[in-house]
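Residue numbers (full-length UniProt numbering), protein chains in the order written: chain A, 1 to 393; chain B, 1 to 83. For glycine and all other residues, C-beta sits at the position ideal for the given N, C-alpha and C.
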Amino acid sequence: MNMSVSIADAGLMARAARVATIAAKHADAVDAAGRFPREAVDAMIAERLLGIQIARSHGGEDADFSKIAELCSILGQACAASAMVFAMHHIKLSSLVQHGSESAWHTAFMRRVADEQLLLGSATTEGGIGGNLRNSICAITVKDGVCHLEKDATVISYGDYADAILITSRSNPEAASSDQVMTVFLKEQYTLEKTHVWDTLGMRGTCSDGFLFKGTAPAEQIFPKPFAEIAAQSMLAASHLLWSGVWHGIAADAVSRAQAFVRAAARKSPGAMPPGALRLAELSNMLQTLRSNVVAGLKAYEDAKDDPDKLASMGFSVAMNGVKICSSEMILPIVNHAMLICGIMGYKNGTPFSLGRHLRDAHSAQLMISNDRILSNMSTMLLVHKLDTSLLG
Amino acid sequence: MNETIRGLVTKFGGLPVAVDQIADDADLYSAGLSSFASVQLMLGLEDAFDVEFPDTLLNRKSFSSINAIAATLTQILDKRDVA
Ligand SMILES: Cc1cc2nc3c(=O)[nH]c(=O)nc-3n(C[C@H](O)[C@H](O)[C@H](O)COP(=O)(O)OP(=O)(O)OC[C@H]3O[C@@H](n4cnc5c(N)ncnc54)[C@H](O)[C@@H]3O)c2cc1C
Numbered sequence: 001m002n003m004s005v006s007i008a009d010a011g012l013m014a015r016a017a018r019v020a021t022i023a024a025k026h027a028d029a030v031d032a033a034g035r036f037p038r039e040a041v042d043a044m045i046a047e048r049l050l051g052i053q054i055a056r057s058h059g060g061e062d063a064d065f066s067k068i069a070e071l072c073s074i075l076g077q078a079c080a081a082s083a084m085v086f087a088m089h090h091i092k093l094s095s096l097v098q099h100g101s102e103s104a105w106h107t108a109f110m111r112r113v114a115d116e117q118l119l120l121g122s123a124t125t126e127g128g129i130g131g132n133l134r135n136s137i138c139a140i141t142v143k144d145g146v147c148h149l150e151k152d153a154t155v156i157s158y159g160d161y162a163d164a165i166l167i168t169s170r171s172n173p174e175a176a177s178s179d180q181v182m183t184v185f186l187k188e189q190y191t192l193e194k195t196h197v198w199d200t201l202g203m204r205g206t207c208s209d210g211f212l213f214k215g216t217a218p219a220e221q222i223f224p225k226p227f228a229e230i231a232a233q234s235m236l237a238a239s240h241l242l243w244s245g246v247w248h249g250i251a252a253d254a255v256s257r258a259q260a261f262v263r264a265a266a267r268k269s270p271g272a273m274p275p276g277a278l279r280l281a282e283l284s285n286m287l288q289t290l291r292s293n294v295v296a297g298l299k300a301y302e303d304a305k306d307d308p309d310k311l312a313s314m315g316f317s318v319a320m321n322g323v324k325i326c327s328s329e330m331i332l333p334i335v336n337h338a339m340l341i342c343g344i345m346g347y348k349n350g351t352p353f354s355l356g357r358h359l360r361d362a363h364s365a366q367l368m369i370s371n372d373r374i375l376s377n378m379s380t381m382l383l384v385h386k387l388d389t390s391l392l393g
Numbered sequence: 001m002n003e004t005i006r007g008l009v010t011k012f013g014g015l016p017v018a019v020d021q022i023a024d025d026a027d028l029y030s031a032g033l034s035s036f037a038s039v040q041l042m043l044g045l046e047d048a049f050d051v052e053f054p055d056t057l058l059n060r061k062s063f064s065s066i067n068a069i070a071a072t073l074t075q076i077l078d079k080r081d082v083a
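Printed below as a string of C-alpha cells:
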C-alpha cells in the first residue's frame, strides 16, 4: 500500500494562510455576535479558494480532498466557523464535480462557480426528519419543464449569504421517502422565510438559521442521478473528511495554545519542569491519534475514489463513518486537556490561551449528523459486513 | 430462484407496496427499501441460500432489484460450484 497522501502545494497553502490570518483576526467578534464571517469569506473569494476542487478544464485547480481537508484544518486553526463554511461549500461542490458532468446545465454551473466564486449552501435537514438525510418528506414537482419545491429546512448554514442552495427532496409527490433527488436553486430562484434563529453554544458564525424554502427553477437543475448515489459516492466521504479537517484544526490550535503556555512557564523558571509539561506530552499523542485517523480516512478515499463499486460498498461506508465518530469524539478530550494545562488563562476569554470558543465549537461535532444515528447505521451494516482486520487495509 | 427472493423481499423488505406488483428489474430502493430492511433481507438471503456475501458484493447495486439479487447470488453460487 502506498501510504503517501498528496500534500497541499505551497501556493495553495500560502493562499489559505493569508485567509487564515484574516479569519483569526475576526474570529472572536464573529463568535460573540454570531455573525457571518464576511471578512474571511471575502478573503477566500479574493484568493479564489471556492473553485479549487473543480477540474482545470472547467476553470478550477483539480484540488483533491486531501488538499481541501488540509485547507479546512488551516482555517479551522484560525476560526472554526469560517472553516466550516469553507468545508460545507466544498462538500456541496463535490457533488457537482463528481456527478454534474453528465448534464450540460450542471457543467455550465460548475464553470460559473469557478469564475464567479459562488458560495454553495446545503439543505438536507428537514423538520420531522432531522439528520436522517437519506429520507425526505418534501417532494419536488415538475410541470412543463419547471420544477417547484417547498421545504421546512430547519438548518441551512449561511442560508442568507449563499449564492445557491443544493437541496434534497423526494423525486415526486408519489415517491417513497427514500426516493430522493438533489436540485440546485440559484439565489434569485428561491425565497427564504426565517423560522429559527441560530443562537447556539458554538459554531455561531455559521449562521445556520432555519428557513421555509420556496423555489422554482428549470427542471434541468435537478441532478440526473438519484440522491442515494450522490450521498454514497461523494457526500458521505466529503462530509466526514472535510468536517474532520475542520475539527483537526480546532484541536491543533488548542494544542498550540497549551504548548505556548507550557513554553512560557518554562522560560519563566529555567531549570524546572513546568507543571503542564507531562500533560502536553499526552496532548501531543492525542492529536497524533486524531491526525492519523483523518489521514487514514483520506487515504481510504484516495484508494476508492475511482471505483464506484468500492465507494458504494459497506466497507467504505463503515470506514468513513468511523472517521467521523473518532474525530468528533477525540476533539473534546483534546480541548479539555489543553484547558487543564492553561488553567484559568484558558478558561478566561481574551487571553492568548483562551479555549472557550474552541470548546464550544468542538461540541457541535458529535451532533452534526448525530453520532448516535451514525453508530446505529454502522451497527446495521456490521450485521453483514465483515470488518477488515488487516493493518494496512 | 426469483420466487424465493420475492418471498424474502416480502418478509424482510417492509415495502409499502405488494411485492407481486414490483417488476423483476424495478429498483427496490425507489420502492421504499430502507437500508435497515436491506440488511435484514441480506441476512435472510444468506440463510436461505446458505451463502455469505463477500464485501465486494455488499453494495447498493447488488441488491437494487430482484434480478440484481439473483445475479449476485448466481455469481456466488457459480464460484462455489467451480471450487
Ligand atoms: C454547525 C452545524 C451546521 C449545520 N449546517 C447544516 C446545513 O447547512 N444544512 C443542513 O441541512 N443541515 C445542517 N446541519 C444539521 C445537521 O446536519 C444535522 O441534521 C443536525 O445536526 C441533526 O439535528 P438533530 O440532532 O435535531 O436531529 P436528529 O438527527 O433527529 O437527532 C436527534 C437525536 O435523536 C437521536 N437519534 C435520532 N435518530 C437516531 C437513530 N436512528 N439512532 C440513534 N439515535 C437517534 C440522537 O441521539 C440525536 O441526538 C448543521 C448542524 C450543525 C451542528
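Notebook entry, point to check: Can you list, in chain order, the residues of its chain whose CB lies under 6 Å from that of residue 395 (chain A), leaving out five sequence neighbours each side?
Noted result: Within the shown structure, residues of chain A are numbered from 1 to 393, placing residue 395 (chain A) beyond reach of any answer.
Next item on the list: Determine the closest residue to R279 (chain A) out of A:S256, A:G145, A:V97, with distance taken between C-alpha atoms.
Entry: Position 279 of the first sequence, counted from the first residue, corresponds to residue 279 (chain A). Here the closest residue by C-alpha is A:S256.
Next item on the list: With 7 Å as the limit, tell me which residues of the region 381 to 392 of chain A have their beta carbon closer than that to any beta carbon of chain B; keep them in chain order.
Entry: M381, L383, V384, H385, K386
Notebook entry, point to check: Mind checking whether the beta-carbon of A123 (chain A) lies closer than 7 Å to any heavy atom of ligand 1?
Noted result: As a working note, residue 123 (chain A) is residue 123 in the first sequence. Yes, ligand 1 has a heavy atom inside 7 Å of this Cβ.
Check: Of the residues A:S284, A:E220, A:T183, A:H58, which one's Cα is nearest the Cα of H337 (chain A)?
Finding: Within the first sequence, numbered from 1, the residue matching residue 337 (chain A) stands at position 337. The option with the nearest alpha carbon to H337 (chain A) is A:S284.
Checklist line | Cβ-based burial, E52 (chain B) [other Cβ within 10 Å; buried from 16] | finding: Numbered from 1 along the second sequence, position 52 holds the residue referred to as residue 52 (chain B). Classification for E52 (chain B): exposed.
Notebook entry, point to check: To which residues of the same chain is I230 (chain A) closer than 7 Å at the C-beta, ignoring the five residues directly before and after it?
Noted result: On the first sequence, residue 230 (chain A) is found 230 positions in, with the first residue counted as 1. For I230 (chain A), where only same-chain residues beyond five positions count, the Cβ hits under 7 Å are S95, H99, M182, F223.
Note to self: Counting only Cβ pairs nearer than 9 Å, list the residues of chain B close to A296 (chain A).
What the structure shows: Translated into positions along the first sequence, residue 296 (chain A) becomes position 296. Within 9 Å Cβ-Cβ: nothing; A296 (chain A) doesn't reach chain B, min ~18 Å.
Check: By the 10 Å Cβ neighbour count, where 16 or more other Cβ atoms means buried, how is M1 (chain A) classified, buried or exposed?
Finding: For the purposes of this step, residue 1 (chain A) is taken as the residue at position 1 of the first sequence. Model confidence at M1 (chain A) stands at a pLDDT of 39, short of 50, so the residue's coordinates are unreliable; what they give is reported in the following sentence. Label assigned to M1 (chain A): exposed.
Note to self: Let me make sure I understand the geometry here. Which of A:F211, A:L290, A:K324 has the alpha-carbon closest to that of L375 (chain A)?
What the structure shows: Against the first sequence, residue 375 (chain A) aligns to sequence position 375. The shortest C-alpha separation from L375 (chain A) is found at A:K324.
Margin query: Tell me the residue span of the alpha helix (DSSP H) that contains I344 (chain A).
Written below: Taking the first sequence and counting its residues from 1, the one referred to as residue 344 (chain A) is at position 344. Looking at the DSSP string, the run of the alpha helix (DSSP H) that includes I344 (chain A) is 344 to 347.
Next item on the list: May I have the straight-line CA-CA distance separating A55 (chain A) from P274 (chain A), to the nearest angstrom?
Entry: Translated into positions along the first sequence, residue 55 (chain A) becomes position 55. Translated into positions along the first sequence, residue 274 (chain A) becomes position 274. Distance between the alpha carbons of A55 (chain A) and P274 (chain A) is about 50 Å.
Margin query: Between which two residues does the beta strand (DSSP E) holding S178 (chain A) run?
Written below: Here the question's residue 178 (chain A) lines up with position 178 in the first sequence. No beta strand (DSSP E) holds S178 (chain A); DSSP gives it neither H nor E.
Next item on the list: Please decide whether S66 (chain A) counts as near chain B, where near means a Cβ-Cβ distance under 8 Å.
Entry: Position 66 of the first sequence holds residue 66 (chain A). It does not; no Cβ of chain B falls within 8 Å.
Checklist line | Pick from A:H26, A:A32, A:I68 that is closest to R15 (chain A), judged by C-alpha positions | finding: Locating residue 15 (chain A) in the first sequence gives position 15, counting from the first residue. Minimum Cα distance to R15 (chain A) is reached at A:I68.
Margin query: Within a Cβ cutoff of 6 Å, which residues of the same chain sit near M339 (chain A), ignoring the five residues on either side of it in sequence?
Written below: Position 339 of the first sequence holds residue 339 (chain A). Here the set comprises G346, L355.
Margin query: Distance cutoff 8 Å, beta carbons only. Does residue 111 (chain B) sit that close to anything in chain A?
Written below: The structure shown has nothing for residue 111 (chain B), since chain B only spans 1 to 83.
Check: Roughly how many angstroms lie between the CA atoms of V146 (chain A) and S30 (chain B), to the nearest whole one?
Finding: The residue given as residue 146 (chain A) occupies position 146 in the first sequence. The residue given as residue 30 (chain B) occupies position 30 in the second sequence. For V146 (chain A) and S30 (chain B), the distance between alpha carbons rounds to 23 Å.
Next item on the list: Verify the CB distance criterion: does V82 (chain B) have a CB-CB separation below 8 Å to chain A?
Entry: Position 82 of the second sequence holds residue 82 (chain B). Not one chain A Cβ lies under 8 Å of V82 (chain B).
Notebook entry, point to check: Going along the chain, which unbroken runs of the beta strand (DSSP E) with 3 or more residues stay wholly within the region 96 to 128 of chain A?
Noted result: Counting only runs of 3 or more, we get 120 to 123.
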